[in-house]
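J.: One structure coming up, written as structure tokens, with questions to follow.
Protein chains: 4
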Amino acid sequence: MRSIGKNFSSDNVGPISPAILQAMIRANDGAAPSYGADPWTARLQELVRETFEAPDAEVFAVATGTAANALALSALVPPFGGVYCDAAAHIENDECGAPEFFTGGAKLLTLPSRDGRLSPAALSAHLEASRAIGVHKSKPTAISLTQATEWGTVYSLEQVRAIGAIARHLGLAVHMDGARFANALATLDCSPAAATWRAGIDVLTLGATKNGAMAAEAVIFFQPGRLTDEFARRRKRAGHLWSKARYLSAQLVGYLEDALWLRSAIQSNAMATRLADGLLTMRDVRLLHEVQSNEVFAVLPEATIARLEAAGFVFYRWYLPPGEPVAPGTAAVRLVTGLDTNPADVDALLDAAAG
Amino acid sequence: MRSIGKNFSSDNVGPISPAILQAMIRANDGAAPSYGADPWTARLQELVRETFEAPDAEVFAVATGTAANALALSALVPPFGGVYCDAAAHIENDECGAPEFFTGGAKLLTLPSRDGRLSPAALSAHLEASRAIGVHKSKPTAISLTQATEWGTVYSLEQVRAIGAIARHLGLAVHMDGARFANALATLDCSPAAATWRAGIDVLTLGATKNGAMAAEAVIFFQPGRLTDEFARRRKRAGHLWSKARYLSAQLVGYLEDALWLRSAIQSNAMATRLADGLLTMRDVRLLHEVQSNEVFAVLPEATIARLEAAGFVFYRWYLPPGEPVAPGTAAVRLVTGLDTNPADVDALLDAAAG
Amino acid sequence: MRSIGKNFSSDNVGPISPAILQAMIRANDGAAPSYGADPWTARLQELVRETFEAPDAEVFAVATGTAANALALSALVPPFGGVYCDAAAHIENDECGAPEFFTGGAKLLTLPSRDGRLSPAALSAHLEASRAIGVHKSKPTAISLTQATEWGTVYSLEQVRAIGAIARHLGLAVHMDGARFANALATLDCSPAAATWRAGIDVLTLGATKNGAMAAEAVIFFQPGRLTDEFARRRKRAGHLWSKARYLSAQLVGYLEDALWLRSAIQSNAMATRLADGLLTMRDVRLLHEVQSNEVFAVLPEATIARLEAAGFVFYRWYLPPGEPVAPGTAAVRLVTGLDTNPADVDALLDAAAG
Amino acid sequence: MRSIGKNFSSDNVGPISPAILQAMIRANDGAAPSYGADPWTARLQELVRETFEAPDAEVFAVATGTAANALALSALVPPFGGVYCDAAAHIENDECGAPEFFTGGAKLLTLPSRDGRLSPAALSAHLEASRAIGVHKSKPTAISLTQATEWGTVYSLEQVRAIGAIARHLGLAVHMDGARFANALATLDCSPAAATWRAGIDVLTLGATKNGAMAAEAVIFFQPGRLTDEFARRRKRAGHLWSKARYLSAQLVGYLEDALWLRSAIQSNAMATRLADGLLTMRDVRLLHEVQSNEVFAVLPEATIARLEAAGFVFYRWYLPPGEPVAPGTAAVRLVTGLDTNPADVDALLDAAAG
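Protein chains in written order, with the working numbering: chain A, 624 to 978; chain B, 624 to 978; chain C, 624 to 978; chain D, 624 to 978.
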């Protein structure tokens, strides 16, 4: 297999991890019951419960992050409800209205931030204000955190717990969009349980696609009940229940077994740090945010950007956080590493940038 | 790989066809642009146009038949619209309200039949009546045909053309749910074009999952335009656009290349015919419908059913067509063959049934 | 005010009852708090609780029956749910998909009947069957009864109780579409409580528009709680919360005070009976259904229909119950009386029919 | 009828204008065809065409502004679309998600402003940016202007035309939320045509409820066609088609005849100006916005507010525009006049404020 080499555009351009592909091939063995009554789906359930130390957790696999997020929100929020999220959240900006579609018209209530993290204080203030308004406003019923955030930053456990406490106090549910949860967990260096349900998360979208799977995300309900009963039907009527469900489950089994997910995230995080460290040695380069996962947001001189493009590196120019100034002759870029980004790939980029 | 052997419960219990798995593995080669800008997706487009002799056709791959059908209908029918279908149609009975969800509340207008085929005459009469009623009724805007039907029967080209003509006359769109289109095409023994757009079909859901793919269906618009512009956004907001789209496209490329789809369908159809022919030699057995694809609906003595179950064969007891009598001590069953059902599997079942 | 005279087309062609108009004019007195914080709305709440002997009932006024039904169902049924109703029900045939829209895509599960009444036995059998099917089907979560039915018949208390018992046993909610509830109640000759919550009804759509109001229907929850909390927001986001809510409430206050609703229904029922009795004295006339409210469904000779039309009477030709034969030279008609239909109006029609 | 006197809380607390009530009573005359086939509805159509010099305009009456706005947007915007509006717009803040519900999940794309008016420049820049993004974003398909705005300001004709030109250039539709259109028109002092379709408005929600009607708003399509065909069904399935439609139409006929709408708006605007002028003579009072309609947003000393409250005046404390500072010991209030606010009412408030 070729390395992804010069492509720093996204963590979704890479191939399937060998171990995940092998798990799929192992599942391709004769007949198996359809719609999730197969042994790989049972094994996934077991693995999730072990991994998250959550013996009652229920897991539902789907193929995309947009589906996972929107389905999870639809189980938490009524059509007349509202979901708090950061103004930079994926659910607000990159899902073409999927949350509105799946919830039947609920509203995303966005709060601005510089770094993609909802501030507990701003959230508290907004919730306080909205409680007085009555039926003219969508009813706030959930909070969605992106972990790691769209700016590559990571909520600390204290921050998650503070938001969890606000939610519990007011009876709101908390969803975590963990498209890059493994990358965040590698940085937090704590147990999966501590990073989620012990901090107040009710439902986790556990991403695998950006971290080596073909197309697989797990929606995990930590406290099942009515919600999970409903969820099975919601998934079916959204066309996200695979008849040959084993191939979705097998990906996630391969992902979680032998800690592949964490090993992959540690590798891509390390490459992002190597990249950021290298860039910071250069003149006129600054980072927009601390690198806490596998994304580097940097302001570079246009000349540097031109050199990288000329050398065949692939990446996106990016927008700036609200109110952020940018010096003339410079621009922001996003550089994303994947589990198969090698030190040599990073060093080649740094060399090209240095000119 | 083990044969699916004794499992006649559905064509979704089988494994991935070797050729399709190989196509996926070939696609797993280093970095590739995401969201469909990859070469496998371009190749799929090309293959569909060639296969259907439709140089302007647009194809969109998704992972499930429910998604393919519901998305296709949502592009054809406004939320205040209605879709004619047979009362036995999959979209009416087996998709948990997906068409209603994706269309934003359109109504399925069902007409009863004995064999799963909409009758052009009944359709015409109903349409005539509904034109006078005005805003109190959902506006009929589309017709959906299941080919092969849920009873394993196949619309003749004449029947499809008759419905196409009614639709054209009244300005309705025609959707074909082709979850088992390859099986129908094998029976019709005509070109894919003749079976679809030349007979008046506007949009085809081309199934692959039941015929050897892992999870892949193609929505094909024969006359693109506004509908396909919309469709790309509809697919995205439903969570059905894969970031690593190459793995969806590769399945369908493997499916269509070298006529794998037809070879597979011919094989499973032949096994169904072998099965039906064998059953008909037995006393007290009758078929509910002519076998025209890979499903056999038979009325068997309870003793025969018991022998099959005791011998480890897996299949479903089934309901009867509306108004169909059933003799005491007999019951209906459904027996489905797949592309990896072998003559030996069929003969073993026949032996067990014979007792 | 002119009598509605020769118009037997519907009970929605008549004017506002004088007492209801006076109630509206009394409410038109200077400033009043908006959105239901006015005294007329408080009085309506009180009146409903008294009238239905239901001290905890919550009432929500809206302007149309379609809104009342669809909002009520949306509070009872999740988007992936199903609602049982008779195949002739208004919610199925005359609301242009409003239930599907308001519920976010739930499915109406229709059972056929000759007279518009759901049969407890058929309902039981269908529910039994659907329990086994799982996520591929919309989940049955409510039953909706039309009282009086679309064929002018009335469920007996025993029938309502039998359905209520089935629902309670399986955890389904029961909605009553009472667009003509007053007409049914006049026939049942029992208390409003006996006809509703004591028989197992959870939510009643109490019609007033067809019985003398301008535009007013009351959605009554007999056992409030989460549902009524939600309902206020559902009504607002559907645009059915009037800012000047007093004018909606005043109509219903005028309707319920001094038993106007029952007096009006008794009058129009009596006129329907007079009409039916007169028609039955004529040769070649038969009724399709027993007259139990203010609608007469009759099969008349075409010559009789022609005489009525020539004499300026306004009414609809109607369709026949499923499987009902009709003799050549005859056709079905619907004749509807209103609270301002006079004996002289009826006798004039009978004279014209007699020729 | 009592004056609304001390109530400055909203223009929806007032009674029905005598002329409008009389129009309703005139319509209450015997039988009339239902669902809009009555002469008052025909007269409304005629009046709207004359008033707006738009011979092809189509008008649809509904009872509430939320319904009018949300239905209008649902005709303009697909479920995967986006609607630009000011961040202070009623559709964003006060309709409990009705636009999201009626459109089937479209997204409101808000741009901030100080005074409630969308800036053509900001709109242009945002549209430019969003064109590049593709299927991951809701597709911008409409712009909604509130005229007068939620801050009581009025778009100049130049501003409306500039936005109309942007929309035409990019193929977007323009909706005007005219809940207080008459108040704006009185200030603009131009023809209704000049203020709407000649400036680029495609659909107008013409408010009457806040300006003397009981419950009536008109959705006016200036260029009918497919949209109006659809709209009739959309209105029905939302439960907003009255069976006794004459009473909705009669209100609007009374509203438009003899220029009642403009005379009423001129009166309430004049009272707002009188109020603002009086307040500005007081120390420590400032207006947040120029008074251009019937709303006064003022920052008052807390002592003044307390005196007004003690004297029995009813009004709301209000929030501040984004980034607006407020001196300690002062707070913002909203004071709204209605068509039955008298000079004496205003002067009494000013006297109480002066202390």
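Where a beta carbon is used, it is the ideal one built from N, C-alpha and C, also for glycine.
(1) Just the C-alpha distance for A693(B) and E715(D), rounded to the nearest angstrom, thanks.
(2) For T904(A), count the other beta carbons within 10 Å of its own beta carbon; 16 or more makes it buried, fewer makes it exposed. Which is it?
(3) Helix, strand or coil: which one does DSSP assign to T828(C)?
(4) For S767(A), name the three-state secondary structure that DSSP assigns.
(5) Tell me whether A950(D) is buried or exposed, calling it buried when 16 or more other Cβ atoms sit within 10 Å of its Cβ.
(6) Only counting the same chain, and skipping five residues up and downstream in sequence, which positions put a Cβ closer than 8 Å to that of S866(D)?
(7) Put L734(A) into one of helix, strand or coil per three-state DSSP.
(8) Using the C-alpha atoms, what's the distance from R737(B) back to R784(B)?
(9) Do I639(B) and N651(A) come within 8 Å of each other at the CB atom, strictly closer than that value?
(10) Taking G728(B) as the query, report the chain A residues whose CB atoms sit under 8 Å from its CB, ordered along the chain.
(11) Report yes if the CB atom of L741(D) is closer than 8 Å to the CB atom of L732(D), and no otherwise.
(12) Measuring CA to CA, which of T960(C), N965(C) and R930(C) is closest to G978(C)?
(13) Look at the alpha carbon of E925(D) and the alpha carbon of A873(D), and state the distance between them as a whole number of angstroms.
(14) For T689(B), decide whether its Cβ has a neighbour in chain A, counting only Cβ atoms nearer than 8 Å.
(15) Assuming contact is defined by CB atoms lying nearer than 8 Å, are N806(B) and N917(B) in contact in what I supplied?
(16) What did DSSP end up calling I843(B) once you bin it into helix, strand or coil?
(17) Any idea what DSSP makes of G835(B), helix, strand or coil?
(18) Check Y658(B) in the structure and name its three-state DSSP category.
(19) Considering just the uninterrupted stretch of the beta strand (DSSP E) at D800(C), what are its terminal residues?
(20) Buried or exposed for G688(C), going by 16 or more other Cβ atoms inside 10 Å?
(21) Rank L793(A), A933(A), L911(A) and P701(A) by C-alpha distance to the C-alpha of P948(A) and give the top, closest one.
(22) Just the Cα atoms here: how many angstroms apart are M837(B) and S814(B)?
(23) Could you have a look at S920(A) and say whether DSSP puts it in helix, strand or coil?
(24) For R791(A), count neighbouring Cβ atoms within 10 angstroms of its own Cβ and tell me buried if that reaches 16, exposed if not.
(25) Chain D partners of C719(A), CB-CB under 7 Å?
(26) At the level of alpha carbons, what is the spacing between Y942(B) and V922(B)?
(27) Under the DSSP definition of a beta bridge, which residues are partnered with D709(C)?
(28) Which term fits P678(C), buried or exposed, when burial requires 16 or more other beta carbons within 10 angstroms of its beta carbon?
(29) Indicate the three-state DSSP secondary structure (helix, strand or coil) for N806(D) in the structure shown.
(30) Just the chain D side, please: which residues come within less than 8 Å of R906(B) by C-beta, in chain order?
(31) Between the C-alpha atoms of Y778(A) and P743(A), what's the straight-line distance to the nearest angstrom?
(32) Would the region 856-864 of chain A and the region 694-705 of chain A be scored as touching if the rule is three or more Cβ pairs under 8 Å?
(33) Against chain C, which members of the region 849-862 of chain D pass a CB distance test of less than 8 Å?
(34) Does any C-beta atom of chain D lie closer than 8 Å to the C-beta of L694(B)?
(35) Are H798(C) and A690(C) close, meaning C-beta to C-beta below 8 Å?
(36) Below 7 Å on C-beta distance, what does F938(A) contact in chain B?
T.: Based on what the coordinates show:
(1) Looking up residue 693(B) in the second sequence gives position 70. Looking up residue 715(D) in the fourth sequence gives position 92. Cα-Cα distance, rounded: 30 Å.
(2) The residue labelled residue 904(A) in the question sits at position 281 within the first sequence. Flag for T904(A) reads exposed.
(3) One-based indexing of the third sequence puts residue 828(C) at position 205. In the structure shown, the three-state DSSP call for T828(C) is strand.
(4) Looking up residue 767(A) in the first sequence gives position 144. Strand, per DSSP.
(5) For the purposes of this step, residue 950(D) is taken as residue 327 along the fourth sequence, with counting starting at 1. With fewer than 16 Cβ atoms within 10 Å of its Cβ, A950(D) is classed as exposed.
(6) Numbered from its first residue, the fourth sequence carries residue 866(D) at position 243. Correct list, in chain order: S657 and Y658.
(7) Taking the first sequence and counting its residues from 1, one reaches residue 734(A) at position 111. Three-state DSSP puts L734(A) in a strand.
(8) Walking along the second sequence from the start, residue 784(B) turns up at place 161. Walking along the second sequence from the start, residue 737(B) turns up at place 114. Cα-Cα distance, rounded: 20 Å.
(9) Walking along the first sequence from the start, residue 651(A) turns up at place 28. Walking along the second sequence from the start, residue 639(B) turns up at place 16. For N651(A) and I639(B), yes; Cβs fall inside 8 Å.
(10) To locate residue 728(B), count along the second sequence from 1; it is residue 105. Per Cβ cutoff of 8 Å: no residues; G728(B) is ~10 Å from chain A at best.
(11) Taking the fourth sequence and counting its residues from 1, one reaches residue 741(D) at position 118. Taking the fourth sequence and counting its residues from 1, one reaches residue 732(D) at position 109. No; because the gap between Cβ atoms is not below 8 Å, this pair is not in contact.
(12) Against the third sequence, residue 978(C) aligns to sequence position 355. With distances taken between Cα atoms, G978(C) lies closest to R930(C).
(13) Translated into the one-based positions of the fourth sequence, residue 925(D) becomes position 302. Translated into the one-based positions of the fourth sequence, residue 873(D) becomes position 250. Straight-line Cα distance between these residues: approximately 45 Å.
(14) Start at 1 with the first residue of the second sequence, and residue 689(B) comes out as number 66. Cβ-Cβ to chain A under 8 Å: yes for T689(B).
(15) Locating residue 806(B) in the second sequence gives position 183, counting from the first residue. Locating residue 917(B) in the second sequence gives position 294, counting from the first residue. Here N806(B) is near N917(B), since their CB atoms are less than 8 Å apart.
(16) For the purposes of this step, residue 843(B) is identified with residue 220 of the second sequence, where counting begins at 1. The answer is strand: DSSP assigns I843(B) an E or B state.
(17) Along the second sequence, one-based indexing puts residue 835(B) at 212. G835(B) falls in the coil class under three-state DSSP.
(18) Counted from its first residue, the second sequence places residue 658(B) at position 35. Looking at Y658(B) - three-state DSSP - the assignment turns out to be coil, as it is neither helix nor strand.
(19) Counting from one through the third sequence, the residue named residue 800(C) turns up at place 177. Unbroken beta strand (DSSP E) run through D800(C): A796 to G801.
(20) Counting from 1 along the third sequence, the entry for residue 688(C) is found at position 65. The residue is buried, with at least 16 neighbouring Cβ atoms inside 10 Å.
(21) Stepping through the first sequence from its first residue, residue 948(A) is reached at position 325. Per the Cα distances, L911(A).
(22) Taking the second sequence and counting its residues from 1, the one referred to as residue 837(B) is at position 214. Taking the second sequence and counting its residues from 1, the one referred to as residue 814(B) is at position 191. Answer to the nearest angstrom: the Cα atoms are 25 Å apart.
(23) Taking the first residue of the first sequence as position 1, residue 920(A) is located at position 297. Contrary to the premise, residue 920(A) reads as Phe rather than Ser in this sequence. DSSP places F920(A) in strand when its eight states are reduced to three.
(24) On the first sequence, residue 791(A) is found 168 positions in, with the first residue counted as 1. R791(A) comes out exposed.
(25) Position 96 of the first sequence, counting from 1, holds the residue named residue 719(A). What C719(A) touches in chain D: F703, V758, H759, K760 and S761.
(26) For the purposes of this step, residue 942(B) is identified with residue 319 of the second sequence, where counting begins at 1. For the purposes of this step, residue 922(B) is identified with residue 299 of the second sequence, where counting begins at 1. Using only the alpha carbons, I get a separation of about 10 Å.
(27) As a first step, residue 709(C) must be located in the third sequence, where it is residue number 86. D709(C) is bridged to L734(C).
(28) Residue numbering aside, residue 678(C) sits at position 55 when the third sequence is read from its first letter. Burial call: exposed.
(29) Taking the first residue of the fourth sequence as 1, we reach residue 806(D) at position 183. Collapsing the DSSP output to three states places N806(D) in a helix.
(30) As a first step, residue 906(B) is located in the second sequence; it is residue number 283 there, counting from the start. Simply none; closest approach about 55 Å.
(31) Position 155 of the first sequence, counted from the start, is the residue given in the question as residue 778(A). Position 120 of the first sequence, counted from the start, is the residue given in the question as residue 743(A). When rounded, the distance between both Cα atoms is 11 Å.
(32) yes
(33) R856, K859, R860, A861 and G862
(34) Taking the second sequence and counting its residues from 1, the one referred to as residue 694(B) is at position 71. Chain D contact via Cβ: absent.
(35) On the third sequence, position 175 is the one that residue 798(C) refers to. On the third sequence, position 67 is the one that residue 690(C) refers to. Contact flag unset, no.
(36) Start at 1 with the first residue of the first sequence, and residue 938(A) comes out as number 315. What F938(A) touches in chain B: nothing, since even the nearest Cβ is about 12 Å away.
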